[in-house]
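Chemist: Please read through the structure below; I'll follow up with questions.
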Amino acid sequence: MLSYLHAFHAGNFADVQKHSALALAATMMQAKKSGIAFMDTHAGSAVYDLGSERARKTGEADGGIQKLWAARERLSSSDWQPVLSVLADLNGNTGQLRRYPGSPAWFRHFLRDDDSLVTFELHPAEGERLSDWASSPKIRVVKSDGLSGMLNQLPPRQPRLLVLVDPSYEIKSDYAEVAATLQKAWQKCRHGVFLIWYPILTSGLQQELLDAVRQGSVRKVLRSEVHLEQPPERGMTGSGMLVVNPPWGFDDRLLAMIEEIKKGPEGLGVSHHMDWLVPE
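Anchor point for the sequence shown: position 142 equals 139 in the working numbering, and the numbering is continuous, going up by one each time.
Next comes the structure, spelled out in structure tokens:
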């Protein structure tokens, strides 16, 4: 249950999709001045060393964030600028990225005076690293299960809410549990924006999550999926994001971002599909 470490996968193609969606949602929500409660249910470590033994063992960042960074001068969508700004803050304007921000670091970049961030991490070692990193009084680290912990924090003090839910799904029951938790969270805070990440697997296990959300009462659920053009024979062949209550125009802007980085020598080598899993 606690064996998963994101250091082996930091900066891969799924992280590019996930954190691009997170940065876009945060940027769009902050067009209004009212405070936002940020929550990160499976925070992991705040920052990853892309030159570490763990990262180099898989080399997944080479086909993900390193390609995006190499293509940064040709990206035309202005929505890439917040993403590039977070990466530049950690690395400067280097040829290759050495450090990659985990989701807590992405959230912290967007924190304003009236915003707050609650992070959850159950893995002991990851939780310790996260606590060492979190030095701001606006960031709280809770060493507990993120799904139940998030429910305990709802509704938030701030008038608006942005949550990232991205478990490892090492346990098959996670798919059903994520769907059930989303249902409860939505009932507590129906205006909240919820980002749900899931792996697309050769086994098709992700379908349990999608079916449960489709058949539930949560409304206005956008689905974005990227699929590897050269998938492995086993394991993860793509990456999916469900976005509940996306800001108006979010779908078109995320689509434009992903379209720019799909193919070509500096692309991620993916196809992209977007639709409304559940309409309004």
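Quick reminder that beta carbons are idealized off the backbone N, C-alpha and C, glycines included.
Name the one or two DSSP bridge partners that residue 270 has.
Modeler: As a working note, residue 270 is residue 273 in the sequence shown. Looking at the DSSP assignment, residue 270 forms a beta bridge with 222.
Chemist: From residue 162 to residue 71, what does the alpha carbon distance come to, in whole angstroms?
Modeler: Here residue 162 is taken as the residue at index 165 of the sequence shown, counted from 1. Here residue 71 is taken as the residue at index 74 of the sequence shown, counted from 1. So the two alpha carbons sit approximately 31 Å from each other.
Chemist: So, using beta-carbon positions, are residue 253 and residue 128 closer together than 8 Å?
Modeler: Within the sequence shown, numbered from 1, the residue matching residue 253 stands at position 256. Within the sequence shown, numbered from 1, the residue matching residue 128 stands at position 131. No; because the gap between Cβ atoms is not below 8 Å, this pair is not in contact.
Chemist: Check this for me: beta carbons of residue 58 and residue 8, under 8 Å apart or not?
Modeler: Taking the first residue of the sequence shown as position 1, residue 58 is located at position 61. Taking the first residue of the sequence shown as position 1, residue 8 is located at position 11. Taking 8 Å as the Cβ cut-off, residue 58 and residue 8 qualify as a contacting pair.
Chemist: Give me the Cα-Cα distance between residue 274 and residue 220, rounded to the nearest whole angstrom.
Modeler: Here residue 274 refers to the residue found at position 277 when the sequence shown is read from its first residue. Here residue 220 refers to the residue found at position 223 when the sequence shown is read from its first residue. Looking at the two C-alpha atoms, the distance is approximately 6 Å.
Chemist: Comparing C-alpha positions only, which one of 62, 32, 247, 179 sits nearest to residue 95?
Modeler: In the sequence shown, residue 95 corresponds to position 98, counting from 1. Checked all of 62, 32, 247, 179; the closest Cα to residue 95 is 62.
Chemist: Is the beta carbon of residue 238 sitting closer than 8 Å to the one on residue 85?
Modeler: In the sequence shown, the residue the question calls residue 238 occupies position 241. In the sequence shown, the residue the question calls residue 85 occupies position 88. The answer is no: Cβ separation not under 8 Å.
Chemist: Hey, how far is the Cα of residue 266 from the Cα of residue 202?
Modeler: Looking up residue 266 in the sequence shown gives position 269. Looking up residue 202 in the sequence shown gives position 205. Cα-Cα distance, rounded: 23 Å.
Chemist: Report the three-state DSSP secondary structure of residue 216 (helix, strand or coil).
Modeler: In the sequence shown, the residue the question calls residue 216 occupies position 219. In the structure shown, residue 216 sits in coil (DSSP, three-state: anything other than H, G, I, E or B).
Chemist: What did DSSP end up calling residue 0 once you bin it into helix, strand or coil?
Modeler: By 1-based counting over the sequence shown, the position of residue 0 is 3. A caution first: residue 0 carries a pLDDT of 47, below 50, which makes its placement in the model unreliable, though a value can still be read off. Look at residue 0 here: in three-state DSSP terms it is coil, with no helix or strand label.
Chemist: Is the stretch 220 to 233 close to the stretch 166 to 183, with three or more CB pairs under 8 Å?
Modeler: No, they do not touch.
Chemist: Taking 7 Å as the cut-off, is the C-beta of residue 189 nearer than that to any heavy atom in the ligand ATP?
Modeler: What this structure holds is no ligand at all, so the ligand ATP is not there to describe.
Chemist: Would you mind giving the Cβ-Cβ distance between residue 191 and residue 206, rounded to the nearest angstrom? I have them listed as a contact below 8 Å.
Modeler: Along the sequence shown, one-based indexing puts residue 191 at 194. Along the sequence shown, one-based indexing puts residue 206 at 209. In fact, because the Cβ distance is near 13 Å, the residues do not count as touching under 8 Å.
Chemist: Assuming contact is defined by CB atoms lying nearer than 8 Å, are residue 152 and residue 185 in contact in what I supplied?
Modeler: Locating residue 152 in the sequence shown gives position 155, counting from the first residue. Locating residue 185 in the sequence shown gives position 188, counting from the first residue. A contact, by the Cβ cut-off of 8 Å.
Chemist: If you drop the 5 nearest sequence neighbours on each side, which residues of the same chain put their C-beta closer than 7 Å to that of residue -1?
Modeler: Along the sequence shown, read from residue 1 onward, the residue named residue -1 stands at position 2. Interpretation of residue -1 is limited by its pLDDT of 47, a score under 50 that renders its predicted location unreliable; the figure taken from the coordinates is listed afterwards. Closer than 7 Å at Cβ, skipping near neighbours: 119, 120.
Chemist: Are there 16 or more other CB atoms within 10 angstroms of the CB of residue 279, so buried, or fewer, so exposed?
Modeler: Residue coverage of the chain in this structure runs from -2 to 277, which leaves residue 279 outside it and unanswerable.
Chemist: From what residue to what residue does the alpha helix (DSSP H) around residue 255 run?
Modeler: On the sequence shown, position 258 is the one that residue 255 refers to. Looking at the DSSP string, the run of the alpha helix (DSSP H) that includes residue 255 is 247 to 257.
Chemist: At what residues does the alpha helix (DSSP H) containing residue 176 begin and finish?
Modeler: Counting from 1 along the sequence shown, the entry for residue 176 is found at position 179. Residues 171 to 185.
Chemist: Buried or exposed for residue 13, please, with buried defined as at least 16 other CB atoms from any protein chain shown within 10 angstroms of its CB.
Modeler: Here residue 13 refers to the residue found at position 16 when the sequence shown is read from its first residue. Its Cβ being crowded by 16 or more others within 10 Å, residue 13 is buried.
Chemist: Starting from residue 243, trace the alpha helix (DSSP H) both ways and give me its first and last residue.
Modeler: Locating residue 243 in the sequence shown gives position 246, where the first residue counts as 1. Element bounds for residue 243: n/a, residue is neither H nor E.
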